[in-house]
Amino acid sequence: MQTPADRQDRHEYPAHWEADVVLRDGGTARIRPITVDDADRLVSFYEQVSDESKYYRFFAPYPRLSAKDVHRFTHHDFVDRVGLAATIGGEFIATVRYDRIGAGGAPASAPADEAEVAFLVQDAQQGRGVASALLEHIAAVARERGIRRFAAEVLPANTKMIKVFTDAGYTQKRSFEDGVVRLEFDLEPTDRSLAVQRAREQRAEARSVRRLLAPGSVAVVGVGRTLGGIGRGLLGNIRDAGFTGSLYAVNRAFPEELKDVDGVPAYRSVRDIDGHVDLVVVAVPAEQVPQVVTECGEHGVQGLVVVSAGYAESGPDGRERQRELVRHARTYGMRIIGPNAFGIINTSSEVRLNASLAPEMPRPGRIGLFAQSGAIGIALLSRLHRRGAGVTGVTGVSTFVSSGNRADVSGNDVIQYWYDDPDTDVVLMYLESIGNPRKFTRLARRTAAAKPMVVVQGAGSAPQGHAVRATRLPRATVSALLRQAGVIRVDTITELVDAGLLLARQPLPAGPRVTILGNSESLGLLTYDQCLAEGLRPSRPVDLTTGATAEDFHRALSEALADESCDAVVVTAIPAIGEGVRGDAELAEALRSASAGVPGKTVLVVHVELGGLAEALSAAVSTAPASLERRDPHRLAERLPTAGAGAGAVPPTVVPVPEGTALIPAYPAPERAVRALAEAVKYAQWRREVIDPGKVPEFEYIDEKGAAALIEGLLTRGQGLTPGAEETCELLARYGIQVRSAIPAPTPDTAAEAARTLGYPVALKATAPHLRHRADLGGVRLDLADEEQLRRAYAELTELFGKPEELRPVVQAMAPRGVDTLVRAVIDPAVGAVVSFGLAGAASQLLDDMAHRLVPVTDREATSLVRSIRTAPLLFGWRGSTPVDTPALEELLLRVSRLVDDHPEVVAVTLEPVVVAPRGLSVLGATVRLAPPPARDDLGPRTLPAY
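This is the structure:
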């Protein structure tokens, strides 16, 4: 019964503090505020804590909580006194609280900015990272409530809790007094605390996926009693793949006397299974899934693959059913792939799991495959299989995930797993949408530095019912940012597989120089032209003539690979009449042996209907890049059969290949081979550059505090506004960005007066929205040398376009001649702050020739940004013109980046035009938009996406 005092003590419940988190072992827990309704849960929790843990918490024997204690620990104002609990199955497993304190440690209210913090974790839950997760969340809550520093008193023997604080990465101070260790630490995130948080996030999310992909036991719920049906098919697929763990069939309609189905132990409920069950594959109607989830949760199941349909893809009722499914599963600490999922595959010899609707297990290999769509997943597996059956040979998969509606486990989670998975060397992903672009970009950059990531992004629509943060950036901009993060961005699943084959089989090219050789002059010329189109640097094709033998190919390839001016070789081949399969095998062996003789360079083949050659080229060992195999011979895959051969068999026409030999990918058309090679060249260049990404330079003449005060004052006028020209110029000047003054000229006389103030020559411009930056429409008059020319130009403008109040004319001093450019910055709610650059006018508007970089931009990135647009040659002396001052342009880009990075309230900046002259530059127009900054979820505590 709540008393009036209780109700007064209870402030509005902060629902936004609720969150699901992944723990160190891959399980999940829910964190939420403690309320007055939690008294019984608190008492029950405390009874399960050991006497030692209670002693560490209260510094004295404390066997039970008094009524006063329970009241204190459940009544919070959510400002000065806050308690959070980590729960599994609705029950507490850990608690944390803070109490705001003032001088001398007495209870206080704001503006006091220090608080005491204390934890208590169930002994059975210790070591799972619960306290670390709670610390992240209570620190975020404290910062929100104006608390800047935590203090904690810990007994010296409580080494686990001391480690929680010291490992968090915050700036801290430590002292020892009266037998107690006192820790004080600032709550402002530091580079180290963010690094610690993200490392913990990676380990936890990777383990959560590993628990799904490498279970020790699997149960299939929904197995039919007769042949046919999805459940029975899934059971058969898992059994036939040779799953190494325990397998169970479950259906509540099984008769009690039924003991097995197809030799698999049968049960009526997951609860009836004697042993532990790690993974449950759910194939029952959607309305029966909640009962299955409850049974799994109570039995300690770690994860679910839900292939059942009838969720968000079916409409509003299904969307709500999907939300409840996620909430229900997370209550028990389980993660979900699906619903409406195609399934998962792990080809490792230690697992051999095919919990998918694919009737056959893919060949083992070193390619990780992710698809949101089941249909695309089928297409990808099918293409890899066909390429392995005679087009380009054995190409294996390490793991495959098709996430369906992607209600819980997403591509980000799987990237975390693949990042340090020793069985995966190349990542291929088909994404219909990117739910958290900021996090995806961060994870992709780290993963791409270790192994190639090739991505196709679909039409941009999210899986039905999936909550995707909207981005306002154009699709081309998102693609450019992905490339900046090292992602190999392709447009079709054919290109996805083509690039994946090359990256999995060959070392990365050292540069763009390509040698072309073969027995077809026309095929060589097509390849040459395609290389030029893709930005590569090919040498003239070497024609070996149609009479070339395998020995001729071997000699020519050996010479090309030995040439220091060659980074990659494209071999073109057409079949010789009458040679048949034996000739294909001889040619394949000649190419392989030549490649092995000069290792470390990229080799690929363009063939025309040479099934035997493709098969011969691909026979053997591994899909790992040769460089990886040389570093670690234990990573070689087992010898694999091609399609149609028995297990362990090698086709009689194929010469066995020594282990460690790089496989040579073959392509049926020059454009496909060259496009894959071009992507590999660009990725290799990114890998070399990412080693030294540059630095964010410190500049003089930056007044960060003055800019902050000006922004704060401007925002008092409203939630979002565009400051006037004078205020915009003042703000930009705080960051060393000078905008040329433009004086309004509502009459010819004021125009003349403005020109006398500025000095001739001047420009007269119409700034009405439909004429602004449109010199092509005639709204700009340049190089007006005197008052007579100015008044004549003024009369012409008003005669052509209307009254002065409609034109909004201004007078501006002439800037030195140069190249007109455009600089923009915008804060996108999904991606973050982005700086963009291009040439002003048609180049950027019509051709969309803009380059983009994420903020903060480094000096190397600014240099790259200027050179990334297709029209960049105009800046560097194209056709004899004078090169302009690109270092000044790069400095401007860096100053704009610094402005939006320091002040997230600056949500948009446009500088147009920026005239870059041979010496210096002039900013002739500028607009700024201010608004309260969007939330930065990447700086907050670790959480799973809210549903």
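For what it's worth, the working numbering labels the leading residue of the sequence shown as 1020, then goes sequentially.
Note that CB positions come from ideal geometry on N, CA and C, so glycine has one too.
The ligand SAM and residue i: does any heavy atom of the ligand fall closer than 7 Å to the residue's C-beta?
{"i": "Ala-1832", "result": "Although the ligand SAM was asked about, the structure shown includes no ligands whatsoever."}
Where does residue i land, buried or exposed, given buried means 16+ other C-beta within 10 angstroms?
{"i": "Pro-1951", "result": "exposed"}
{"i": "Asp-1867", "result": "exposed"}
{"i": "Ile-1710", "result": "exposed"}
{"i": "Phe-1184", "result": "buried"}
{"i": "Arg-1789", "result": "In the sequence as presented, Arg is not what sits at residue 1789; that position holds His. His-1789 is exposed by the Cβ-count criterion."}
{"i": "Asp-1199", "result": "Correcting the residue type first, residue 1199 is Val in the shown sequence and not Asp. Answer is exposed; the Cβ neighbour count stays below 16."}
{"i": "Thr-1466", "result": "buried"}
{"i": "Leu-1873", "result": "buried"}
{"i": "Tyr-1032", "result": "exposed"}
{"i": "Asp-1039", "result": "buried"}
{"i": "Ala-1828", "result": "Correcting the residue identity first, residue 1828 is Pro in this sequence and not Ala. The residue in question, Pro-1828, is buried, as its Cβ has 16 or more Cβ neighbours within 10 Å."}
{"i": "Ala-1965", "result": "exposed"}
{"i": "His-1720", "result": "The amino acid occupying residue 1720 in the given sequence is Tyr; His does not appear at that position. With fewer than 16 Cβ atoms within 10 Å of its Cβ, Tyr-1720 is classed as exposed."}
{"i": "Val-1676", "result": "Summary for Val-1676: the model assigns pLDDT 44, below 50, so the residue's position carries little reliability, and this model does not support an answer."}
For residue i versus residue j, is the C-beta spacing smaller than 8 Å?
{"i": "Gly-1261", "j": "Arg-1371", "result": "yes"}
{"i": "Val-1627", "j": "Ile-1683", "result": "no"}
{"i": "Ile-1535", "j": "Val-1561", "result": "yes"}
{"i": "Ser-1367", "j": "Asp-1432", "result": "no"}
{"i": "Thr-1591", "j": "Gly-1543", "result": "yes"}
{"i": "Leu-1174", "j": "Phe-1077", "result": "no"}
{"i": "Thr-1877", "j": "Val-1758", "result": "no"}
{"i": "Leu-1943", "j": "Gln-1831", "result": "yes"}
{"i": "Arg-1338", "j": "Glu-1317", "result": "no"}
{"i": "Ala-1225", "j": "Tyr-1436", "result": "yes"}
{"i": "Val-1301", "j": "Val-1324", "result": "yes"}
{"i": "Val-1853", "j": "Ala-1859", "result": "no"}
{"i": "Glu-1772", "j": "Asp-1921", "result": "no"}
{"i": "Ala-1161", "j": "Leu-1206", "result": "yes"}
{"i": "Leu-1246", "j": "Val-1283", "result": "no"}
{"i": "Arg-1168", "j": "Arg-1043", "result": "no"}
{"i": "Lys-1784", "j": "Gly-1798", "result": "yes"}
{"i": "Arg-1948", "j": "Val-1926", "result": "yes"}
{"i": "Ala-1581", "j": "Val-1533", "result": "no"}
{"i": "Arg-1706", "j": "Leu-1527", "result": "yes"}
{"i": "Ala-1782", "j": "Leu-1801", "result": "yes"}
{"i": "Ala-1134", "j": "Ile-1120", "result": "yes"}
{"i": "Leu-1841", "j": "Val-1933", "result": "yes"}
DSSP three-state label for residue i, please.
{"i": "Met-1180", "result": "helix"}
{"i": "Leu-1963", "result": "coil"}
{"i": "Leu-1976", "result": "With the chain covering only 1020 through 1966, there is no way to say anything about residue 1976."}
{"i": "Asp-1142", "result": "helix"}
{"i": "Leu-1659", "result": "Legend: pLDDT at Leu-1659 = 27, less than 50; position of this residue unreliable, value from coordinates given subsequently. The answer is strand: DSSP assigns Leu-1659 an E or B state."}
{"i": "His-1626", "result": "strand"}
{"i": "Asp-1847", "result": "strand"}
{"i": "Val-1617", "result": "coil"}
{"i": "Thr-1642", "result": "Interpretation of Thr-1642 is limited by its pLDDT of 37, a score under 50 that renders its predicted location unreliable; the figure taken from the coordinates is listed afterwards. Thr-1642 falls in the coil class under three-state DSSP."}
{"i": "Gly-1235", "result": "coil"}
{"i": "Gly-1725", "result": "helix"}
{"i": "Gln-1808", "result": "helix"}
{"i": "Gly-1899", "result": "helix"}
{"i": "Ala-1302", "result": "coil"}
{"i": "His-1030", "result": "coil"}
{"i": "Pro-1493", "result": "coil"}
{"i": "Thr-1882", "result": "helix"}
{"i": "Ile-1257", "result": "helix"}
{"i": "Gln-1216", "result": "helix"}
* Entirely enclosed beta strand (DSSP E) segments - the region 1811-1839, minimum 3 residues -> Listed in chain order, the complete beta strand (DSSP E) runs (minimum 3 residues) inside the region 1811-1839 are 1828-1832.
* Return the chain-ordered ranges of every beta strand (DSSP E) run that is complete within the region 1065-1133 and spans a minimum of 3 residues. => Taken in chain order, the complete beta strand (DSSP E) segments of 3 or more residues contained in the region 1065-1133 are 1100-1107, 1110-1120.
* Inter-stretch contact (C-beta, 8 Å, three-pair minimum) for the region 1373-1383 and the region 1063-1075 -> In short, these stretches do not touch, since the Cβ pair count stays below three.
* Asked: How do the region 1349-1358 and the region 1043-1061 stand: do at least 3 beta-carbon pairs fall below 8 Å, yes or no?
  -> Touching, yes, given that three or more Cβ pairs across the two stretches are closer than 8 Å.
* Mind listing, in chain order, the continuous alpha helix (DSSP H) runs of no fewer than 4 residues lying wholly within the region 1500-1526? => The region 1500-1526 contains these whole alpha helix (DSSP H) runs: 1512-1524.
* To do: Kindly provide the ranges of any beta strand (DSSP E) runs that are 3 or more residues long and lie completely inside the region 1922-1946, ordered along the chain.
  => Secondary structure remark: continuous beta strand (DSSP E) runs of at least 3 residues inside the region 1922-1946, in chain order: 1925-1935, 1940-1942.
* Complete runs of the beta strand (DSSP E) confined to the region 1305-1381 [at least 3 residues] -> For the region 1305-1381, whole beta strand (DSSP E) runs of length 3 or above, ordered along the chain, are 1322-1325, 1354-1356, 1362-1365, 1372-1375.
* Would you call the region 1886-1903 and the region 1729-1748 touching, i.e. three or more CB-CB distances under 8 Å? -> They do not touch, by the three-pair rule.
* Residue ranges of each alpha helix (DSSP H) within the region 1683-1734, 4 or longer -> Listed in chain order, they are 1689-1709, 1723-1734.
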